[in-house]
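Chemist:
In the numbering used here, the protein residues as written are 911 to 1144.
#1: Less than 8 Å between the beta carbons of residue 1099 and residue 1134, yes or no?
#2: Distance check for residue 1006 and residue 989, CA to CA, integer angstroms please.
#3: Taking contact to mean 3 or more Cβ pairs, one atom from each stretch, closer than 8 Å, check whether the segment 1010-1028 and the segment 911-920 are in contact.
#4: Could you spell out the range, first to last residue, of the alpha helix (DSSP H) harbouring residue 967?
#5: Anyone know if the C-beta pair for residue 959 and residue 927 falls short of 8 Å?
#6: Ignoring anything shorter than 3 residues, give me the beta strand (DSSP E) runs that lie fully in the segment 1032-1094, in order along the chain.
#7: Consult DSSP for residue 1125 and reduce its assignment to one of helix, strand or coil.
#8: Since I believe residue 1015 is in contact with residue 921 (beta carbons under 8 Å), could you give me their beta-carbon distance rounded to a whole number of angstroms?
#9: The alpha helix (DSSP H) spanning residue 984 covers which residue range?
#10: Can you check which of these residues, 963, 1065 and 1093, is closest to residue 1029 by C-alpha distance?
#11: With residue 1017 and residue 1047 assumed to form a contact (beta carbons below 8 Å), what rounded beta-carbon distance in angstroms separates them?
#12: Taking contact to mean 3 or more Cβ pairs, one atom from each stretch, closer than 8 Å, check whether the segment 1054-1071 and the segment 994-1006 are in contact.
#13: Using the C-alpha atoms, what's the distance from residue 1064 back to residue 930?
#14: Pull up the distance between the alpha-carbon of residue 1122 and that of residue 1106, whole angstroms please.
#15: When the Cα atoms are used, what is the spatial distance from residue 974 to residue 1039?
#16: Touching or not, the segment 1076-1083 and the segment 1110-1117, by the rule of three or more beta carbon pairs under 8 Å?
#17: Taking C-alpha atoms, which residue in 1144, 951, 1120 and 1127 lies nearest to residue 911?
#18: Can you tell which of 1126, 1132 and 923 has its C-alpha closest to the C-alpha of residue 1144?
#19: Distance check for residue 1094 and residue 945, CA to CA, integer angstroms please.
#20: Where does the unbroken beta strand (DSSP E) through residue 915 begin, and where does it stop?
#21: Tell me which same chain residues have a C-beta within less than 6 Å of the C-beta of residue 994, skipping the five on either side of it?
#22: Would you mind giving the Cβ-Cβ distance between residue 1069 and residue 1083, rounded to the nearest angstrom? I have them listed as a contact below 8 Å.
Structure representation (structure tokens):
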């Protein structure tokens, strides 16, 4: 919306953008410099954290039980490991897809099932290498649709979806993003303002309605316009 972008020029936070593109380069993700890519890298970052937490817990458990580890069968190891992992996994962001729990959205369902249910396989050479070298296993995260966003695997706040239009809000730059068919619309508000969850939902509904005057009227009521735009909007 031109009037909003004219008076609110904060854009996407430079420091966040820099961090995300650094991650993009480090893991050779090949994402471009745009909002859609930034969100994808955020989701990747959260999945990477989950992956590393599962791996670290496995390593710690195995090292603490080396005296009996070699004398157990795989299923015995895995069963004991699950008792250690289950409480930790409850603290991780996750969602359900086709009946499976997804902790790592850049891996497919099978790989997620292995990390969740058969974690002891990580000691096998072909899986141990996944600690560092997992690019060949990275999938298009789009297969999971908006589920990663809905389940807080990003700094973006998922607000609503209507047909093919999805609205998210980024608190760090007080901006709503509307995604539709690979296009993005931007609705920024005053950077020093604060929006409650209820305010976010109301503004998202107005944005989807296409009522520009209604958006500005409500934004003025909420005092989320810049002082200059507050004075100029009648």
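Backbone N, C-alpha and C fix where the C-beta goes; we use that ideal spot for every residue, glycine too. Small disclaimer: the values here were computed from a predicted structure and weren't measured.
Modeler: Considering the structure as presented:
#1: Indexing the chain shown from 1 puts residue 1099 at position 189. Indexing the chain shown from 1 puts residue 1134 at position 224. Yes, the Cβ-Cβ distance between residue 1099 and residue 1134 is below 8 Å.
#2: By 1-based counting over the chain shown, the position of residue 989 is 79. By 1-based counting over the chain shown, the position of residue 1006 is 96. Using only the alpha carbons, I get a separation of about 22 Å.
#3: no
#4: To locate residue 967, count along the chain shown from 1; it is residue 57. Per DSSP, the unbroken alpha helix (DSSP H) holding residue 967 starts and ends at 945-974.
#5: Indexing the chain shown from 1 puts residue 959 at position 49. Indexing the chain shown from 1 puts residue 927 at position 17. Going by C-beta atoms, residue 959 is not nearer than 8 Å to residue 927.
#6: 1067-1072, 1075-1080 and 1085-1090
#7: Position 215 of the chain shown, counted from the start, is the residue given in the question as residue 1125. Residue state, collapsed to three classes: helix.
#8: Translated into positions along the chain shown, residue 921 becomes position 11. Translated into positions along the chain shown, residue 1015 becomes position 105. Not confirmed; about 26 Å, so no contact.
#9: On the chain shown, position 74 is the one that residue 984 refers to. Residue 984 -> alpha helix (DSSP H) spans 984-1000.
#10: Taking the first residue of the chain shown as position 1, residue 1029 is located at position 119. With distances taken between Cα atoms, residue 1029 lies closest to 963.
#11: Looking up residue 1017 in the chain shown gives position 107. Looking up residue 1047 in the chain shown gives position 137. At roughly 6 Å, the Cβ-Cβ gap stays under 8 Å, so residue 1017 and residue 1047 are in contact.
#12: yes
#13: The residue labelled residue 930 in the question sits at position 20 within the chain shown. The residue labelled residue 1064 in the question sits at position 154 within the chain shown. Residue 930 and residue 1064: Cα-Cα distance of roughly 12 Å.
#14: To locate residue 1122, count along the chain shown from 1; it is residue 212. To locate residue 1106, count along the chain shown from 1; it is residue 196. In a straight line, the C-alpha of residue 1122 is about 21 Å away from that of residue 1106.
#15: Position 64 of the chain shown, counted from the start, is the residue given in the question as residue 974. Position 129 of the chain shown, counted from the start, is the residue given in the question as residue 1039. Approximately 21 Å between the Cα atoms of the pair.
#16: Contact between the segment 1076-1083 and the segment 1110-1117 is present, because at least three Cβ pairs lie under 8 Å.
#17: By 1-based counting over the chain shown, the position of residue 911 is 1. The shortest Cα separation from residue 911 among 1144, 951, 1120 and 1127 belongs to 1120.
#18: By one-based count along the chain shown, residue 1144 stands at place 234. Looking at the Cα atoms, 1126 is the closest of the given residues.
#19: Translated into positions along the chain shown, residue 945 becomes position 35. Translated into positions along the chain shown, residue 1094 becomes position 184. Taking the straight line from one Cα to the other gives about 8 Å.
#20: Here residue 915 refers to the residue found at position 5 of the chain shown. Element bounds for residue 915: not the beta strand (DSSP E) but the alpha helix (DSSP H), 912-917.
#21: As a working mapping, residue 994 is identified with position 84 in the chain shown. Excluding sequence neighbours, residue 994 sits near 971.
#22: Numbered from 1 along the chain shown, position 159 holds the residue referred to as residue 1069. Numbered from 1 along the chain shown, position 173 holds the residue referred to as residue 1083. Incorrect: roughly 15 Å between the Cβ atoms, too far for contact.
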